[in-house]
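Novice: Mapping of the sequence shown onto my numbering: residues 7 to 996, in sequence order.
Think of the CB as a built atom: it goes at the ideal place given N, C-alpha and C, for glycine as much as any other residue.
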Amino acid sequence: MGFLSGVLSNIKEHLGQHKEQITTAIKSLETHEHLGKKGFNEAIEKVVAGVRGYNDAVMKSNKKVSDVLTKMQKDADKYSAERLEKLLPPRNADDPVKIGNLIEAANETVAECLKKADEFNTALDMKNNAEELRNAMKDLNPNLITKIENVRENIKHESKRLNKLAEHEKNDLHSMEAEIKTKLHDVKCKVNEHIKKKVKDLVERLKDRVREMQTKLVDINVDLTKHLEKLEKWMKDVKKFIDEHPRVNAQKILEEIKWDNGGDTNVKRNKIDNAARELRMKAEELFRAGEAAKKTVQEKVSLALTQVITMNDALKQDLWKVKANIKKAVVALGKTLETNVKQDLTTLKGKIKSGLHPIVGGVETFSKQFAATKQAIDGAIQALHGDVGRLKELENVGTADMKFIHAFRGNNDPFQKLKVYFKILDEEVMSKLQTGITKIGEQMLERLASYAGGNNLQDELRKSPIKDGIAEALKSLSTVNTLDKLPDLTEVKTLLGNIIFDDFKKEFKQAFSQIDTLSATVAEQITKQDVKSLFTALGAIAKAVASHSDKVVKAVMQGINTKVKTDVQALAGVMDVKVKKISSGVQKDQDGDKVEYYEGAKEDAKGLAWLVRDFDKNIKIAITNYHGQFDSEFFKTNGEVNNYKLGSDLMSNFHGTYEKNLKDGDFKTDGGESVLNKEIGVDDMTSAGVQGNKISTIAPKTFTTFERHVNQDTVATSQGNIENLNGELPIKIKDIREQVADIALKSISDLNEQAGQQLELVTKTLDALCRDVKRAAEDVQINLNVLKSTKIDVNLKRIHGLIDDLRTTQLGAVIGLTNNFLTQFADKAGEQIVKDLEQDANIEVTKGETDIIHELRKRYIAFIKLLLTEFSSKCKNDLYGLPDEITKDADKGAKGFMKQLATFSEMHLQRADLTNLASFSRPATSFIGDLLEKVASSDDIGAKHNALSQIGKAVRTMLNKITKYNHKFLTHLSALSSLSKPSAPHPTPT
């Protein structure tokens, strides 16, 4: 009992507010220490009762604290998303009537939530809460008290945040509703004012127009009155005329026009009939004469044309030679271009690998080769899409500096405008260049040869379509010089690091200056040099296209090469920074240190060693592999063809094709001058002091057969007189003139003379007839008017009455309506329209106001629900597991020791038989052994573990020896007493 008293006395100071529960037990042990079995049993009962009372008090005090936490958990759960869906149903938010009640419910819910949070904070506030609960919290272990205090502070912070945000949102809602109502009220007032002003202006404009109409109507009324007065006067004059001219005049007219009563009338009738018959006969005679003349002319002209055919066939022999040779040279040039372009592009086709579409070969023309090259460019860009797409693993690591790689995200195509750029060059330049060459080779030169042998060469040149042929040939290129369809490539240039290449028009400026000069040349002044310059200009266009395309593609592909490498370097730099941050965090190894890792996420520095290992094993290896991929695959540095050096490979060959053809082809460096010299001759004529050789001036020296037919130096010497011309051709022309002029035209002249005499007779007869008819018609007209006037009085009076009725009744009524409109209707109608429009405006504004406020309220409710849900989630997360930890706290430290002491006392001491030393020694030994083991595991008493262990050994030694008589018992008891004295409680002085 002395040992047990010492243990309880030592542990009492560690038992907190309920330590007095074991005071009675300690006193009982001290009182009954030497009273034998009876005293031992009574003391042990006090110990068991005191320990049990202490444990019950601890359990109750712990429950007081855990009840507060459990209640807050239940309260927080009321504001979860699922519970709020029932408490604040979304369907009510769609009802403008119910949403007001829903807002009140939301505000009440927030107030209730804040109230419960405040109750929780007050209950756990150790500075201000009830003493009983404060003492209960003090009995908890320090770590648990700190954790509860942190939870209380967190919930207090969240409740303040909830209150602040909810109050701010509510104030915003009220102020926004007030602001909306004010603004819309102002809008409504302004709209109504605008309506009043506009309607008033409209009414005034209508009234002005009606006033103008009224003025016109009044003027019409005055005019009608005047006209009626004139009509009345005229009626009086007509009546007087009728009275003064008897109706017998009508009989004279009847006699004049009646031809079937004999007398003079038969003579007039016969004149008309005879004239008609004679006219018909002369017309038939004239027709027959015309047919004969036509037949005669046809015969004579056919004979003349037969004679011309001889001259025409001979002339064609020389002209055909010129045309055939020029055409042959042009075809040869085309074939050379075709062969060389095919050869170069076919060679290129074999070089392009790994993702580039093969260039379509076998094209036949200049422009189609460019289309094949353009297709290769499109293929290269498409391959770039595929290559960048394989970098998504690196892209996910993320860096804002990777602008080029990021430009390909999703379905974006940053090179779309570049594709369109080359597509337009293909369609608007290359295809039109092909058309121009075709027209020059097949149309202009052919027509030049065809028309060079006309009857009068100068006239034929002036009329020939040579100038039109050139214009037509250049027409397809006319839009190229002013081409404005090309897209702006600024974005592509910027994306690739502000690459530089010349503007399209600058490249083509020199080529088009030559074409513009040739287009302005007068037809008959076209020289061999002009033809040469035309070919030179077309060649310059080809060179310009190749040169410009070469520069653009080189710049683009070099930019791609540079930017991809730059982006990868930026990525490696970002990863290096991340690794350094991770390493720094691991070295510090301190709680709370944060380092940024992987897309902005933050990790605690402590324990980040695995991140470094992960980088070394995975990320670092991946970057190394990608560096190798860029060198060996993406940029083909392992010896294969580099897809992205297309500019220096493909376009150089394309450009070189045209350089070679223009310098070493059939036309060589003289622009086709050798071919023209061979067919036309060298420059040996002058024009206005300038070297040149016009087709019209060199023809006599070049076309041998033509010279035999036209034997004069210049066409101009004829001056239009065929007699001045020499050679066989003028002779043939004279024969034609004699056949047509002397024979055919003479026959027609004789016929015309006869026809003229007959027509003269017909004319005279018709003239006499017309005079007779004219006189009769005049008499008939006069007398018929007199005849008709017998009813005019009645008709005019009726017309007079109608006009007067129109003036007084109908026109007066209209004038009255205008007066009514101006004095009454316009203003009343305007007021009614204003009223109707204001009503419509008020309805629409009110509806808009309701809809806007309703939407604001819906958003307010959604925001409040979000705040409550976040508050609930944070509270539940902070409170999770705390009640269980408080319950388990009773098993720790001194409280845990007391719990075990109660169990050991009931298991061992209460069952001991004091009458039998052997029976008592075993439970006593077990009790002390278990008790000391529990003491050894206690944080509070662990410091005295060694001393208690020595005491325990002494007790075991003593108890083990009293199972029978032992003369050393007193020695063992003395040793136990010596060991127990340092641990014995010191009595408090009274």
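#1: Which residue wins for smallest C-alpha separation from leucine 828, given the options Leu230, Val216 and Lys429?
#2: Taking the C-alpha atoms as reference points, what is the distance between proline 889 and leucine 75?
#3: Using the Cβ count rule (16 or more neighbours within 10 Å means buried), how would you classify proline 420?
#4: Please check the pair threonine 815 and glutamine 220, which I expect to be a contact at CB under 8 Å, by giving their CB distance rounded to whole angstroms.
#5: Could you tell me if lysine 707 is buried or exposed, where buried requires 16 or more neighbouring beta carbons within 10 angstroms of its beta carbon?
#6: Here's a check: name, in chain order, each residue in its chain whose Cβ is nearer than 6 Å to the Cβ of lysine 166, leaving out the five neighbours to either side.
#7: Rounded to whole angstroms, what's the CA-CA distance from leucine 146 to isoleucine 892? Just pull it up for me.
#8: Grab the span of the alpha helix (DSSP H) containing valine 820 for me, first residue to last.
#9: Cutting at 8 Å between CB atoms, please list the residues of its own chain near lysine 176, excluding the five before and the five after it.
#10: When the Cα atoms are used, what is the spatial distance from glutamine 845 to lysine 203?
#11: For a test of the three-state rule: what should DSSP assign to asparagine 1009, helix, strand or coil?
#12: Mapping the DSSP letters down to three states, classify leucine 431 as helix, strand or coil.
#13: Closest to leucine 120 by CA distance: which of Asp192, Val551, Arg140 and Lys162 is it?
#14: Compare the Cα-Cα distances from lysine 222 to each of Leu93, Leu817, Lys569 and Leu108 and report the closest residue.
#15: Rounded to a whole number of angstroms, what is the C-alpha to C-alpha distance between asparagine 127 and methionine 78?
#16: State the start and end residues of the unbroken alpha helix (DSSP H) segment that holds glycine 836.
#17: Just checking my contact of alanine 123 with lysine 882 at CB under 8 Å: how many whole Å lie between their CB atoms?
#18: Quick check on lysine 133: does DSSP put it in helix, strand or coil?
#19: Between the alpha carbons of proline 102 and serine 879, how many angstroms are there, rounded?
#20: Count the other CB atoms, across all protein chains shown, that sit within 10 Å of the CB of valine 64; report buried if there are 16 or more and exposed otherwise.
#21: Please classify lysine 438: is it buried, with 16 or more other beta-carbons within 10 angstroms of its beta-carbon, or exposed?
#22: How close, in whole Å, do the beta carbons of leucine 171 and leucine 873 come, if the pair is a contact with beta carbons under 8 Å?
#23: Is it right to say serine 1001 is buried, meaning 16 or more other beta carbons lie within 10 angstroms of its own, or is it exposed?
#24: Please look up how many angstroms separate the CB atoms of leucine 492 and tyrosine 427, rounded, as I've assumed it's under 8 Å.
#25: Give me, in chain order, the residues of the same chain whose beta-carbon lies closer than 8 Å to that of lysine 834; leave out the 5 immediate sequence neighbours on both sides.
#26: Kindly indicate which residue of Gly887, Ile870, Leu885 and Lys894 has the alpha-carbon position closest to the one of glutamate 110.
#27: Using the Cβ count rule (16 or more neighbours within 10 Å means buried), how would you classify tyrosine 60?
#28: State the start and end residues of the unbroken alpha helix (DSSP H) segment that holds proline 889.
#29: Quick one: grab the DSSP three-state call for alanine 330.
#30: Express the C-alpha separation of glutamate 218 and lysine 206 in angstroms, rounding to a whole number.
#31: Check leucine 146 in the structure and name its three-state DSSP category.
#32: Alpha carbon to alpha carbon, what distance is there between isoleucine 859 and glycine 106?
#33: In or out: lysine 213 buried (at least 16 other Cβ within 10 Å) or exposed?
#34: Under the rule that 16 or more other beta-carbon atoms within 10 Å means buried, what is lysine 144, buried or exposed?
#35: Which word fits leucine 208, buried or exposed, when buried means at least 16 other C-beta atoms lie within 10 angstroms of its C-beta?
Specialist: Taking the coordinates as given:
#1: Val216
#2: 6 Å
#3: buried
#4: With a Cβ gap of about 17 Å, threonine 815 and glutamine 220 do not count as contacting.
#5: Note on lysine 707: pLDDT 46, under 50, position unreliable in the model; no value is reported.
#6: none
#7: 7 Å
#8: 817-826
#9: Asn113 and Tyr866
#10: 16 Å
#11: Outside the displayed span of the chain (7 to 996) sits residue 1009, for which this structure offers no information.
#12: helix
#13: Lys162
#14: Leu817
#15: 10 Å
#16: 832-885
#17: At roughly 13 Å, the Cβ-Cβ gap does not stay under 8 Å, so alanine 123 and lysine 882 are not in contact.
#18: coil
#19: 30 Å
#20: buried
#21: buried
#22: 6 Å
#23: Absent from the structure is residue 1001, since the part of the chain shown begins at 7 and ends at 996.
#24: 6 Å
#25: none
#26: Ile870
#27: buried
#28: 888-894
#29: Because alanine 330 carries a pLDDT of 45, less than 50, the predicted location of this residue cannot be relied on, and the following value inherits that uncertainty. Alanine 330 falls in the helix class under three-state DSSP.
#30: 18 Å
#31: coil
#32: 11 Å
#33: buried
#34: exposed
#35: exposed
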